[in-house]
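> Chains as they are written, first to last, in full-length UniProt numbering: chain A, 1 to 310; chain B, 1 to 332; chain C, 1 to 317. Following this message is one structure expressed as structure tokens.
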Ligand SMILES: Nc1ncnc2c1ncn2[C@@H]1O[C@H](COP(=O)(O)OP(=O)(O)O)[C@@H](O)[C@H]1O
Ligand code: SF4
Ligand SMILES: [Mg+2]
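Shown next, in the form of structure tokens:
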């Protein structure tokens, strides 16, 4: 197990390094440095930028100093919003985004698994078709369209929920719904197919041959194995929820990091784009790492395999 | 001898894309207390489907018992409710499947998997169930059961896993044990050990065993009676001596010639040429016609009568008809 | 014809004597041909046809492709002509899907958008396929250290957050059709490469097994007839699923202002432009492009699922 964790850890660090480097050099490949005078709004900002990015030094020096500040979680100043650093934005915006993301993830996981399991057990029945129709629709509608439709229907036409912002549980309903539908659909489909696959396994037949009840078979024997593939996609889902927050926060005017990020793209506020990309990538890569470890804990076979395999 | 199980004219079909597969087509046999009945036949002839139908474990859909009965303690297992059937499974009739590598749940410890069956059937408290499970592990020859109780299946070798599967099948002291190719996936030496284990367990518990196999070598070691299956039917059945020394059906003879035998050393092994018929539309006549050296016109036209040679020995073949004698002598 | 059972040691009167003649051997030949064995592809196709949902998807995609080219031609209006007098007209017999805020015909534009969206999706799928086959093929074929090294790289790229990289590249390169396809494929091929490598290893393994069993001359035939089709399955499914995810990603980029730029329009950019229109009551401007995105996503997904089932050799009987 330890060896497995070490291996994953090394892979994670390399990936992190890779994304920081990629971001750095991509930004610097923009014709006429992204940090030059025309873009910055004032002398003061420009000086800040210059000192943070060491713009007067050779590229490799800039690179190493950037790496150093990233490692210490310092993402430097913004161009467009003088007197604000990327860190300021992150510390204000990220907690909100994090809350939205976590609530969404929990909702998506619980409802997705429930839907998928029911569909698998009622395979080819009415409930299966209903659940899968919901799931396919969830995958088929872009979240910005869904969000707009939800606002139109449930906030404007029939004003049940508030239109925007993020200040009370009622405010959270529509954004969460808009953001959770896609991941829920993915989880539901995956759970369904993996559950159906598991139910054909020999050990399920063994369990049936013991005379266990269907409830015990599903919960003791099938579910855990069926959820293993679901665990593996959690990292990817977290990524899609995270990028989804960009859309949802902008539409619902939620003051999270996603909203700032979209604004920074529109205004080409490169340091903010760069800082946010690096920060979010780090979160996702760490998330993938944690998912891998969780998988290793959930599947007792992993320990042995990895030991033998490498 | 006391009859513990009676299968009568069992028909099992599967609905598939290609149509109805008639996997079992009128199988009948009895099982007596404390005996081992072997069902042999090439792969695909319906042995597993027959055995799983007894336990009502065929995947359904697509499979279903189309007709026939399975009588056990005055009940027809083909007709009773699923809930009643569950009480019988594992407690009165147990089953062991071919592949020990996949028969155990990889994410549960073997201890949990052993204990759950006991708790399910007699509601014993956990401690008592564990004690019983440990005894069982000991009986099937798992060294140091106490320690291994918390191990996961992948931490055991194939042979050990099959022992655990056997222990699992026996924890509730069933009257009948159905073993579907229990040694096929194992090394030869381990096969012998597992067969010995069966014999030992039978001696100790007087359990009746249905042993399913395509390997006549296995049969010779442990079976009291043998039923030969072909294309969803039992084409010949009898006790071990009758089947091994006086086989009547050309298919049985073919099977015997295709396995190495100690008593007939030096004779060449002859595999049976050709393949079994398609069970989507099984032939009206004898299903073995296309592969049979003695095939006659009649074999295509009608299914042969069942001929009883002794109390136990019976065969479905037209060669039993007197008029076929001419044909036989001509062939010689 | 199953006659009733009874002991017939001596004679069965229902059966005429002359039936006991040895069987005609020619008949046997006829019986040897049991079931016409369908080729893998025919078999898979038969199974796909039986899957109603997948067929619905397939038919819709065919119609969509036809309309993408036919739609603008049969429409009485051009998609680019701006008529300020005709702003935001509701669907009518004249403007079938209504007009947008610049008075352009939504019907025409939606089918022109189809061309762009489908092009993005197909281009992404084909490029992923080409790179994935080359990379995964080499890794799998060479094996050993090369494979190990190549797969380490894949592992790192696989760990990158896909959409963030796409955004980054779009920001750096400036938005546009080429940028989008480039950004979507620069790390998108990784999934395909993994699949191809896995399949190549399987073929290699099989080849090895066959050779060691000295099946000899039949090996090539078996690889062509059994193995190649089986290994193509996952690759085809992956391609089918890449198209809709690329269309979706493009829509997402449009939302961020990094999508297709005017005068070109995709469904994503049209839907994004129309987001505020729904609040002013001009629902048709969002409805039609959004509907087409959703139907396309739906169709590709159910077709992909159907193909997966149809091509899965495990399900073959
Ligand atoms: N789930 C199923 N669906 C369709 N056909 C099946 C299924 N299971 C078994 N069969 C068919 O039933 C026949 C008998 O199979 P089986 O009992 O497994 O043979 P064996 O004698 O090797 O155990 C085979 O021809 C097989 O095609
Ligand atoms: S009935 Fe005819 S074909 Fe069938 S086994 Fe007997 S002789 Fe052969
Ligand atoms: Mg079998």
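Ideal Cβ positions, reconstructed from N, Cα and C, are used throughout, including at glycine.
1) Who are residue 306/B's beta bridge partners in DSSP?
2) Which word fits residue 82/B, buried or exposed, when buried means at least 16 other C-beta atoms lie within 10 angstroms of its C-beta?
3) Can you list, in chain order, the residues of the stretch 124–154 of chain B whose Cβ is nearer than 7 angstroms to any Cβ on chain A?
4) Please say whether residue 279/C and residue 156/A have beta carbons closer to each other than 8 angstroms?
5) Could you please give the first and the last residue of the uninterrupted alpha helix (DSSP H) stretch that includes residue 249/A?
6) Can you tell me whether residue 42/B sits near ligand 3, meaning its C-beta is under 7 angstroms from at least one heavy atom of the ligand?
7) Give the DSSP-derived three-state secondary structure of residue 145/B in the structure shown.
8) Residue 132/A and residue 147/A: beta carbons closer than 8 angstroms?
9) Counting pairs of beta carbons, one from the stretch 180–200 of chain A and one from the stretch 153–172 of chain A, are three or more of them closer than 8 angstroms?
10) Could you give the residue range of the beta strand (DSSP E) that holds residue 230/B?
11) In terms of alpha-carbon separation, which member of 200/B, 21/B, 158/B lies closest to residue 184/B?
12) So, residue 245/A versus residue 101/A, is the Cβ gap smaller than 8 angstroms?
13) I'd like to know if the stretch 244–257 of chain C and the stretch 293–306 of chain C are in contact, where contact means that at least 3 CB-CB pairs between them fall below 8 angstroms.
14) May I have the straight-line CA-CA distance separating residue 235/C from residue 96/B, to the nearest angstrom?
15) With a threshold of 16 other CB atoms inside 10 Å of the CB of residue 267/C, please say whether the residue is buried or exposed.
16) For residue 213/A, would you say it is in contact with chain B, using Cβ-to-Cβ distances shorter than 8 angstroms as the test?
17) Report yes if the C-beta distance between residue 62/B and residue 16/B is below 8 angstroms; otherwise report no.
18) Under 7 angstroms: does the beta carbon of residue 47/B sit that close to some heavy atom of ligand 3?
19) Determine the chain A residues that contact residue 297/C at a beta-carbon separation under 7 angstroms, and present them in chain order.
20) Would you identify the three-state DSSP class for residue 341/B, choosing helix, strand or coil?
21) Enumerate in chain order the residues of its own chain whose CB-to-CB distance from residue 96/A is below 7 angstroms, with the five nearest sequence positions on each side excluded.
22) Against chain C, with Cβ distances strictly below 8 angstroms, would residue 298/B count as a contact?
23) Are the CB atoms of residue 209/A and residue 55/B nearer to each other than 8 angstroms?
24) Of all the options 256/C, 233/C, 288/C, which has the alpha carbon lying nearest to the alpha carbon of residue 312/C?
25) When burial is assigned at 16 or more other CB atoms within 10 Å of the CB, is residue 314/B buried or exposed?
26) Taking the Cβ atom as the reference point for each residue, do residue 193/C and residue 136/C lie within a distance shorter than 8 angstroms?
27) At least one CB of chain A closer than 8 angstroms to the CB of residue 116/B: is that the case?
28) Buried or exposed: which applies to residue 76/C, given that a residue is buried once 16 or more other Cβ atoms fall within 10 Å of its Cβ?
29) In chain C, which residues lie less than 7 angstroms from residue 152/A when you measure between Cβ atoms?
30) Is residue 23/B close to ligand 5? I mean its beta-carbon at under 7 angstroms from any heavy atom of the ligand.
31) Would you be able to state if there are at least three C-beta pairs under 8 angstroms between the stretch 68–76 of chain B and the stretch 99–117 of chain B?
32) Take residue 232/B as the anchor and find which of 3/B, 39/B, 2/B has the nearest alpha-carbon.
33) Please confirm whether residue 136/C has its beta-carbon closer than 8 angstroms to some beta-carbon of chain A.
34) For the stretch 17–50 of chain B, list every residue whose C-beta sits within 7 angstroms of some C-beta in chain A, in sequence order.
35) Answer with yes or no whether the minimum CB distance from residue 31/C to chain A is below 8 angstroms.
36) Below 7 angstroms, is the gap between the Cβ of residue 16/B and the nearest heavy atom of ligand 1?
Per the coordinate set shown:
1) 316/B.
2) Residue 82/B should be labelled exposed.
3) Considering only beta carbons, the part of the stretch 124–154 of chain B lying closer than 7 angstroms to chain A consists of 152, 154, in chain order.
4) Taking C-beta atoms as the reference points, residue 156/A and residue 279/C count as a pair closer than 8 angstroms.
5) It spans 223–251 - the alpha helix (DSSP H) in which residue 249/A sits, taken as one unbroken run.
6) Not so, every heavy atom of ligand 3 lies at least 7 angstroms from the Cβ.
7) Looking at residue 145/B - three-state DSSP - the assignment turns out to be helix.
8) No, these two residues do not count as a Cβ contact at 8 angstroms.
9) No, they do not touch.
10) Where residue 230/B is concerned, the enclosing beta strand (DSSP E) stretches over 225–230.
11) Looking from the CA of residue 184/B, the closest CA among 200/B, 21/B, 158/B belongs to 158/B.
12) Yes, they are a contact pair.
13) Enough Cβ pairs lie closer than 8 angstroms, so yes.
14) Between residue 235/C and residue 96/B, the C-alpha separation is close to 38 angstroms.
15) Buried, by the Cβ-count rule.
16) Chain B, which has a Cβ nearer than 8 angstroms to the Cβ of residue 213/A, makes this yes.
17) It is a contact, given that the beta carbons lie within the stated cut-off.
18) Yes - ligand 3 has a heavy atom lying nearer than 7 angstroms to the Cβ of residue 47/B.
19) Within chain A, the residues 139, 140 have their CB atoms less than 7 angstroms from the CB of residue 297/C, given in chain order.
20) Past the edges of chain B, shown from 1 to 332, lies residue 341/B, and the structure says nothing about it.
21) If we look at residue 96/A and ignore the five residues flanking it on each side, its Cβ neighbours are 166, 254, 255, 256.
22) At least one CB of chain C lies nearer than 8 angstroms to the CB of residue 298/B.
23) In this structure, residue 55/B lies closer than 8 angstroms to residue 209/A by Cβ.
24) It is 233/C.
25) By the 10 Å Cβ count, residue 314/B comes out buried.
26) The answer is yes: Cβ separation under 8 angstroms.
27) Yes, residue 116/B lies at the interface with chain A (some Cβ there is under 8 angstroms from its Cβ).
28) With fewer than 16 Cβ atoms within 10 Å of its Cβ, residue 76/C is classed as exposed.
29) Neighbours of residue 152/A in chain C, taken as residues at a C-beta separation under 7 angstroms, are given in chain order as 278, 279.
30) Absent from the structure shown: ligand 5. Ligands present: ligand 1, ligand 2 and ligand 3.
31) The way I'd put it, the stretch 99–117 of chain B doesn't touch the stretch 68–76 of chain B; fewer than three beta-carbon pairs between them come closer than 8 angstroms.
32) Nearest of 3/B, 39/B, 2/B to residue 232/B, Cα basis: 39/B.
33) Not a single CB atom of chain A sits nearer than 8 angstroms to the CB of residue 136/C.
34) Only those residues of the stretch 17–50 of chain B whose C-beta falls short of 7 angstroms from the nearest C-beta of chain A would be listed, and there are none.
35) Residue confidence is low: residue 31/C scores 46 on pLDDT, short of 50, so the model does not pin down where it sits. Its coordinate-derived value is still stated next. It does not: the Cβ of residue 31/C has no partner Cβ on chain A nearer than 8 angstroms.
36) Yes, since a heavy atom of ligand 1 falls inside the 7 angstroms radius drawn around the Cβ of residue 16/B.
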